[in-house]
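Presented below is the structure to which this report refers.
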Amino acid sequence: MGAWTSAFLHQFLDGNPANCRALPGTLTVVPDGMAVVPTPPPGERGFKLANGHTLHHGFDQMIGDVIGIDAQFQVDFNPQDRVSARLDLSGHDISLLADLMQGVARVQLHLGSEQLATSVEPIPPGSPFRLRGRWHTHGQAHLWVNGALVQYRPGLVVGGSFSVTDLRLSGRSGNGTTAASPPRLRAVSVKLLRRDDPIGYLDELLPIPAGDQLTPECARRIADRQREAMGLIRAFMAASVMRLTRAWSEGDTHEPFSPEAVRAHEAAVAAAREFVLFLSGRDDDARDRVLDRLGVFLGVLEEADPQGYADLVAALEALPPTIDPECAAPIDPIAQAHAERLGPVAALLEEAWMKARAGGSDV
Amino acid sequence: MFDLEANARFARDRGHNLTGPLEHEQVSALAAHWLPELRFHEAELFHPIAPATVFDAPTALLASLPEGARDALRLLRSTPTGEVRFDPPLVLSGAGDVLGNGAAARDGLAAGAASDEAIYTHGANLSASRQIFGASTTIAGVPNPSPGDPRNPRFRPIIIGAELRMLREALKHEIELDASRENDPGGDERDLDALWGRFAVEDLFFRETGPSNLLPLPTATKRAVLQRMVLALELADPQERDAELLAARALIPFGWELVERSWSALRNYVFIEYSLFYAYNDYASYETLANEHEGDVEGFCLVFERTQLEELAAGTRAVEDCVPHTVMTSVHEEANDNDQLKRLPQDAARARDDLLLWVALGSHATYLTPGPHDVVDFEDILTDYPGELPGWALGLIVLTGLGPALALLLILALVEHITDSEDQTSDNGIGTGGGPPEAPEAPEPGGLAVKKALDVIPLSNVLGNADQNIYNGEIARLALRAFPGKWGGHDSLVNHSSPWENKTARYFRNFVSYGDIRAEVIL
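Chains as they are written, first to last, in the numbering used here: chain A, -14 to 348; chain B, 2 to 524.
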């Protein structure tokens, strides 16, 4: 598992509309309600896509500060059907849509006032249609059909975030739809990334209680400074995305991701994975791999924008200390008590920062 | 220490019988008839085996090797007399003493020898496990698997364990077991064995009726009410039974009520828990951030309606007419809320067709659908981490200063691009076929089909037979299943081996949450 969290997963395994996994909330199904019907044959399982049919899940608590969304659904339909399927979050703030007709699929991902949209053909008859859309606050947005990338856009809702209050499934089926086997949604999944989820993910690997030693004022101050630093980092990352990737749709002759972008992405994910392995104590050799991969990643970014990179380092180093001395005082005994465990991590991060200052090079 | 004989006497003295009116032969027939088909990934290295195999296989392999090659498999331990290489496998005490090893490893399971801190191990590493238990070639005899040419299980047939638990009886057993240990001065010293207990579900049966009650409902009270209700159901006279049920309900204090759904589930349904025992979980071989550990017990569950099984016991319903109600899987940790559940069709033939499960590569999680499965997490995120740095990060910053803090933030920005772990299932590996196991003397089916064998643990009490108890007199056979210690030597935060624990409570919680439970008037 990673930093992303599942918000909703429905696989329509039987005739119980409530047989799904979701964050706490209230499920409503129209027009059939929550009635449990006998498990239908495999070909008749799923959520019927027809006028007036909706499945709505209202989350008990709003999921705020969402900086990443990954949504997908699968539609089973007959080739002669005309089908529309949509998944909406927070009303129509975020929408994933598919229109299927005569072997052509028009697919869209709406994010506030911005969107991706493209057409895909041919859709093989008789096979399921799977649509997936993913967005991240660094501005990258992807659309996949049946596992293949069909559209990519950088620069979408850069730095943005959403609040997710509910989820709605709906659809229509038009002329030619076979009444005997209407089109259906067979699987729906929504995963979200909140701004602080990566921190929480790492915290599970090295649980050391210290936050409750802070006064609310200190906690607020630390959080503010952390966010300021992350804001600078994210802004640079988003700019790097624009430099290293290009908008692309299936059929374009150019590639969406430059070789440098591919190299940076692979190195970044590898560095993060190795850091997780190192932090969880699973691999003593992960330390060197963290630094190696991080160096590759930073080197690509620095080479793509030397001035921007230098400005980022300077801006970060000009920030005030993350913890003021009076806030650090209650933490210090805890830090000392765990020095043996924290020492290797601290040494790794010291070296990582030196490498970052040197643009990814060895110091 | 766990003492199987003592636990057996306890069960016999109290008439504990987890299969209700069903005799062991009926349970076996039911479990066999409705055994789902299992499909494994073509690259799966470890397939389900019998617990005895983890004792026998290392010994057999060692004996087959020339002496010069045996040391690589032997396990080095520090002893009072110095470093010693022991033949695998080992049974270790919680203190690390060798209780048994090699051909005599099972001595470590003898009465009074092992506690729930004991550990079985054959090396706690993938290399040894692969050498002893892993598939070495594919069906076609080549080293590397491919779709349609899967790895050939090292040990055949595929072994599937099964245990039937009538839920009322399981709860009664749980409550009385706990009470006996509280009341018996020596009871605390007697460890549970792995067959027992772990059905502490009393919290599911009670909820507050109004604003938050100042007085919590103690566990003891919950158990007392439930015990009285379960015992009431054993009364033959309906009027007495209903009166006793009402009297039990009257014990529930003001401000609390019984949860109808949980009571209906307990009262009216029965589980057959199928178990798949593996020598090793090598999930980390396929997913970077996954775990691995020696020993792995996974499985799935069929739910039956109790009335149908009572009719089976009475001879008025055939096994093939006891159509399972629901199938449930087991996916990683219960806290992730990823276990799947499916209400089966009411038609026997359609239910039979729907009894198909897929086993994930390496992790051995069970799924109701093929293909890739995101290993998702539905743990409550809504109250966590409102903008706070974790404790260790704060400690780091105090120790080091700004620079490393910035490096940490940089890495955090990368962590969110790690894609989720996936479980891979496939239709291109070996499959067991559904329904009863083949006769031992039957030839292998051929192709991708492999024979299976069903090991039904006897948990039955034939009424009136004082010698029949949940151990059914088969102490030696049950010693392996009942071993309360860990079935592997991994012991880190991420890679840790576990004991063989009943999943009854886990399946019950899933069934109560998502199952199609027949509602009824509470009495």
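Virtual Cβ for every residue (Gly too), placed ideally from N, Cα, C.
Assuming residue i is part of the alpha helix (DSSP H), what are its boundary residues?
| i | result |
| --- | --- |
| residue 508 of chain B | 505 to 515 |
| residue 296 of chain A | 291 to 302 |
| residue 45 of chain A | Run containing residue 45 of chain A: none in the alpha helix (DSSP H); it sits in the beta strand (DSSP E), 39 to 61. |
| residue 228 of chain B | 220 to 233 |
| residue 203 of chain B | It is not in any alpha helix (DSSP H) - residue 203 of chain B carries neither H nor E in the DSSP assignment. |
| residue 313 of chain A | 310 to 313 |
| residue 247 of chain A | 244 to 264 |
| residue 326 of chain A | 324 to 342 |
| residue 342 of chain B | Here residue 342 of chain B belongs to no alpha helix (DSSP H); instead the beta strand (DSSP E) covers 342 to 344. |
Can you tell me whether residue i is buried or exposed, with buried defined as 16 or more other CB within 10 angstroms of its CB?
| i | result |
| --- | --- |
| residue 481 of chain B | buried |
| residue 467 of chain B | With a pLDDT of 49 at residue 467 of chain B, under the threshold of 50, the modelled position of this residue cannot be trusted; read the value that follows with caution. Looking at its Cβ environment, which holds fewer than 16 other Cβ atoms inside 10 Å, residue 467 of chain B is exposed. |
| residue 464 of chain B | Unreliable placement is indicated for residue 464 of chain B, whose pLDDT of 35 sits below 50; the coordinate value is still reported in the next sentence. Flag for residue 464 of chain B reads exposed. |
| residue 282 of chain B | buried |
| residue 209 of chain A | exposed |
| residue 483 of chain B | buried |
| residue 491 of chain B | buried |
| residue 273 of chain A | exposed |
| residue 145 of chain B | exposed |
| residue 215 of chain A | buried |
| residue 329 of chain B | buried |
| residue 87 of chain A | exposed |
| residue 508 of chain B | buried |
| residue 170 of chain B | buried |
| residue 136 of chain A | buried |
| residue 255 of chain B | exposed |
| residue 19 of chain A | exposed |
| residue 300 of chain B | buried |
| residue 0 of chain A | buried |
| residue 166 of chain B | buried |
Which residues in chain B have a C-beta closer than 8 Å to the C-beta of residue i? List them in chain order.
| i | result |
| --- | --- |
| residue 222 of chain A | 414 |
| residue 193 of chain A | 391, 392, 393, 396 |
| residue 323 of chain A | 393, 396 |
| residue 335 of chain A | 401, 404, 405, 408 |
| residue 296 of chain A | Going along chain B, no residue has its Cβ under 8 Å from residue 296 of chain A, so there is no contact; the nearest lies around 14 Å. |
According to DSSP, which residues form a beta bridge with residue i?
| i | result |
| --- | --- |
| residue 93 of chain A | A:82, A:102 |
| residue 360 of chain B | B:41, B:367 |
| residue 272 of chain B | B:166, B:304 |
| residue 424 of chain B | B:374 |
| residue 160 of chain B | B:454 |
| residue 233 of chain A | A:137 |
| residue 87 of chain B | B:76 |
| residue 435 of chain B | The partner list for residue 435 of chain B (beta bridge, DSSP) is empty, contrary to what the question assumes. |
| residue 447 of chain B | B:450 |
Going by DSSP, what residue range makes up the beta strand (DSSP E) through residue i?
| i | result |
| --- | --- |
| residue 54 of chain B | That residue, residue 54 of chain B, is in no beta strand (DSSP E); its alpha helix (DSSP H) goes 52 to 65. |
| residue -8 of chain A | -10 to -5 |
| residue 257 of chain B | 257 to 259 |
| residue 14 of chain A | 10 to 15 |
| residue 329 of chain B | 327 to 330 |
| residue 69 of chain A | 67 to 74 |
Check the Cβ of residue i against every Cβ in chain A and list those closer than 8 Å, keeping chain order.
| i | result |
| --- | --- |
| residue 421 of chain B | -14, -13, -11, 176 |
| residue 343 of chain B | -2, -1, 4, 24 |
| residue 40 of chain B | The premise fails here: residue 40 of chain B is roughly 15 Å from chain A at the closest Cβ pair, so nothing lies under 8 Å. |
| residue 575 of chain B | Because residue 575 of chain B is not part of the residues shown, which for chain B are 2 to 524, the question remains open. |
Taking C-beta pairs closer than 7 Å, name the residues in chain A that residue i reaches, listed in chain order.
| i | result |
| --- | --- |
| residue 399 of chain B | 308, 313, 316, 317, 320 |
| residue 517 of chain B | 1, 21 |
| residue 364 of chain B | Result: empty, since nearest Cβ-Cβ is about 12 Å, beyond 7 Å. |
| residue 346 of chain B | 23, 24 |
Determine the chain E residues that contact residue i at a beta-carbon separation under 8 Å, and present them in chain order.
| i | result |
| --- | --- |
| residue 215 of chain A | Absent from the structure: chain E. Protein chains present are A and B. |
Should residue i be listed as close to the ligand SAH, given that the test is whether its C-beta is under 7 Å from any heavy atom?
| i | result |
| --- | --- |
| residue 337 of chain A | Among the components modelled here there is no ligand, and therefore nothing to report on the ligand SAH. |
Going along chain B in order, which residues have a C-beta closer than 7 Å to the C-beta of residue i?
| i | result |
| --- | --- |
| residue 274 of chain A | Going along chain B, no residue has its Cβ under 7 Å from residue 274 of chain A, so there is no contact; the nearest lies around 11 Å. |
| residue 219 of chain A | 414 |
| residue 338 of chain A | 404, 405, 407, 408 |
| residue 301 of chain A | 407 |
So residue i contacts chain A; which residues on that side make the cut at Cβ distance below 9 Å?
| i | result |
| --- | --- |
| residue 339 of chain B | -9, -6, 6 |
Uninterrupted beta strand (DSSP E) stretches inside the segment 97 to 180 of chain A (no shorter than 3 residues): Fully enclosed beta strand (DSSP E) runs of 3 or longer: 99 to 105, 114 to 121, 126 to 130, 133 to 138, 147 to 158, 169 to 179.
Uninterrupted beta strand (DSSP E) stretches inside the segment 89 to 140 of chain B (no shorter than 3 residues): Listed in chain order, they are 91 to 93, 99 to 102, 120 to 122.
Unbroken stretches of the alpha helix (DSSP H), 4 residues or longer, contained in the segment 397 to 421 of chain B: Entirely contained in the segment 397 to 421 of chain B, the alpha helix (DSSP H) runs reaching 4 residues are, in chain order, 403 to 416.
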